[in-house]
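In the numbering used here, the protein residues as written are 789 to 1201.
Yeah, the Cβ is synthetic: ideal placement off N, Cα and C, and Gly gets one too.
The next block holds one structure in the form of structure tokens; read it before the comments.
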Amino acid sequence: MKKTLLFLLFTLTLYSDALNPSFKEIEVMPSSYSKDYYIWRLLQKKKTTKKEALTAYKWIKRKNSKLQKAIRKKVGYVPTKKSTKKKRHTNNFIIYPSTAAKKRAKSLKSLRKLYRKIKKKGKYSDVLQVFTANKPYQELKKLPIKTQLYILNLCNTRYYKRYFNHPFTKKQLKMFSKEKQFNKTIFKVVTTHTLKKAKKSLIFYSGSNKIDFESNFMLAMNAIEFKKINYAINFLSIARTKTQKQSQYDQVDFWLYLLTKDKGFLKKLVKSSQVNIYTLKARDILKKSYPKVISPVLKDREIKDFNITNPIDWEKIKIAMKKSPNRLEELAEKYKSAETLGIYSYIKEKASKYTVPYYPMPYPDAMKAFNPQRKAILYAIARQESRFVPASISTSYALGMMQIMPFLIKELS
């Protein structure tokens, strides 16, 4: 049983990780997170030259922290795009908030000496203005709103707690809400439980703003934590206006039911085209039967020029889906095989515009040894993480059907 489980969870993941494309092969890959993953691996190889590393870095779709760390280790710095625009604020002395905070913690005297030195040269630094002050938070509030958010967002949690764990004023919140950067601040504050003062001040009524769905939902959870239910209802109601995704409507409606006990929200959930934890729980509460789902049973069939474990082959399918949205049924037929059950179901569900729920149950022979509860949890994780596509790679480079993180690959193998 244990061997069967290990095979199911990890084997296809290890195959995906074992693919070892060359520099030239990576170059011709379609722009994707999968290509980014292989560039990340290329940057970590000793035999990769600095020239190759810098060239490959230009191909990246999304330059995340993993890639930046890898290129810095390889060539000694992180390349940046040369701006064609005229440079502004040439007298601005650049120092990152976390760096300034760390230096202040080590020696405020030395940091103030640095600040005096740059001012003598006719330069200025908003960051140093804040971190050399006796009361950094009070000094922060004197700066433009965008600059305040820049410093708050780039100051790590340890120093945020030390210098900025103060309640936001109503004026700050009103101005912050007009900036997209505030979404990042909300995430940092709400998810850091030691920032109690800042967290509590995030309970407010907001009007027209740039706070997105995720942030409004987080603000609702934050309000619930402080037992401010009316505020939570307000944030959830706003969140509902910030999305067009049915799954997010369901998420909000279920929480609104929990807070108001209004069964009208449950009735909305029952009418939803999605099958998820919220719609299923609504049916449980209303004692209604579950909706019918499709679990295809397909025969084995060879699919030419396709490798189920190759992330780039999967990327090509996604490109084809995007390029020809009216031919999805035809594309699904091409991958109608037991081996590609996940891909077939994914395309079929998309072809129905997600009005027909598909719940494939692949590898039935490997699952025979498990009881229904174990099967359910394994299938649930694989469906949520990868839709049963073995070649899936996430933005954080987790691999395979179960989305195993890269640092676990060697241990598991």
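- Straight across, the Cα-Cα distance linking K959 with S994 is about 12 Å.
- Each of D1000, N1018, V1058 and L1054 was checked against the Cα of R1028, and the nearest Cα belongs to D1000.
- Taking each of K988, L855 and A1126 in turn and checking the Cα distance to R829, the smallest one comes out for L855.
- Excluding sequence positions up to five before and after A893, its CB lies within less than 8 Å of the CB of Y947 and R950, all in the same chain and listed in chain order.
- Taking K890 as the centre and dropping the five residues before and after it, the same chain places the C-beta of Y947 closer than 8 Å to its C-beta, in chain order.
- When beta bridges are read from the DSSP output, Y912 appears opposite N880.
- For D1041, the uninterrupted alpha helix (DSSP H) segment begins and ends at Q1034 to T1048.
- Each residue's CA atom was taken as its position, placing F975 and S820 some 26 Å apart.
- In this structure, the CA atom of T836 is about 11 Å from the CA atom of V863.
- For F1094, there is no enclosing alpha helix (DSSP H), as DSSP marks it with neither H nor E.
- For S822, the enclosing alpha helix (DSSP H) has its first and last residue at Y821 to Q832.
- In the DSSP assignment, I1082 is bridged to Y1146.
- Per DSSP, V866 is not a residue of any alpha helix (DSSP H), being assigned neither H nor E.
- When Cβ pairs closer than 8 Å are counted between the two stretches, the stretch 1092–1112 is seen to touch the stretch 1172–1188, the count reaching three or more.
- In the three-state scheme derived from DSSP, where H, G and I count as helix and E and B as strand, I1181 is classed as strand.
- Taking the C-beta atoms as reference points, W847 is found nearer than 8 Å to K823.
- Under the three-state reduction of DSSP output, I1100 falls in the helix class.
- Of the residues assessed, A1139 falls on the buried side of the cut-off, its CB having 16 or more other CB atoms within 10 angstroms.
- Rounded to whole angstroms, the gap between the alpha carbons of R1071 and L1024 is 21 Å.
- Annotated three-state conformation of L931 is coil, per DSSP.
- Pairing T973 with T979, the inter-Cα distance amounts to about 10 Å.
- When secondary structure is reduced to three states using DSSP, I999 falls in the coil class, being assigned neither helix nor strand.
- In the DSSP assignment, Y1151 falls outside any alpha helix (DSSP H), carrying neither H nor E.
- Going by DSSP, Y845 is part of the alpha helix (DSSP H) stretching over K838 to Y845.
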